[in-house]
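Participant: One structure, pasted below without further comment.
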Amino acid sequence: MIILANIVHIPQGGVSISGSDSNPFESMLERVLVIQSKHLLAAGILSLLNREVDLNVFDATCNDVTTLIEQIRNIKPSVLVMDDSSHLAEHISIIPLLNDYPDLRVIIIGERKNRMHIYEIQELEVGRAADLITAIRREEQPTF
5 MIILANIVHI PQGGVSISGS DSNPFESMLE RVLVIQSKHL LAAGILSLLN REVDLNVFDA
65 TCNDVTTLIE QIRNIKPSVL VMDDSSHLAE HISIIPLLND YPDLRVIIIG ERKNRMHIYE
125 IQELEVGRAA DLITAIRREE QPTF
């Protein structure tokens, strides 16, 4: 496991997360798991999220649903972020995941259409980078 500021990188195959080396304020932080599909997009998302002091950000590469579920069990994120190019972002994979983890929020970023799909079944227009932070924090977006 490699720890960089607020980002915890989980190598392929996963790792168990223990509380022994954790931040004492970790329980107050929103836990966000970013699934890497396209490295450049994921790096941008991680860079954006790492600026937020109230987020505990983890990233992982998952090639199948079983590995994804293992990462969710280990990390216990409240938010899962991935891009729409991942085969894990298909609706057929997301619905059972939400049934098993009802408090989990899944945000799928559409890199071509500037949209985020938020499962709690919402869809928001992405006009600026701060829209991702707003979605993670479950804040209302202002309408213009």
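Note that our numbering has the sequence shown beginning at 5, numbered continuously upward. No residue lacks a Cβ here, since even glycine has one placed at the ideal position from N, Cα and C. Note that the structure is predicted; figures quoted are calculated from it, not measured.
1) Straight-line CA distance for Phe62 to Asp88?
2) For the alpha helix (DSSP H) containing Ala46, name the first residue and the last one.
3) When the Cβ atoms of the region 59-73 are set against those of the region 31-41, are three or more pairs found closer than 8 Å?
4) Taking the continuous beta strand (DSSP E) assigned at Asp63, which residues delimit it?
5) Out of Val130, Glu129 and Ile39, which one is the CA nearest neighbour of Val83?
6) Whole angstroms are fine: how far does the CA of Leu53 sit from the CA of Thr138?
7) Who are Glu143's beta bridge partners in DSSP?
8) Which of helix, strand or coil does DSSP assign to Asp3?
9) So which of Ala133, Arg141, Thr65 and Met86 has the shortest CA-CA distance to Ile111?
10) Does DSSP classify Val83 as helix, strand or coil?
Facilitator: Working from what's here:
1) 18 Å
2) His43 to Asn54
3) Judged by Cβ distances under 8 Å, the region 59-73 makes contact with the region 31-41, as three or more pairs qualify.
4) Leu59 to Ala64
5) Considering only alpha carbons, the answer is Ile39.
6) 11 Å
7) Answer is none; Glu143 lacks a bridge partner.
8) Residue 3 lies beyond the stretch modelled for the chain, which goes from 5 to 148, so this question has no answer here.
9) Met86
10) strand
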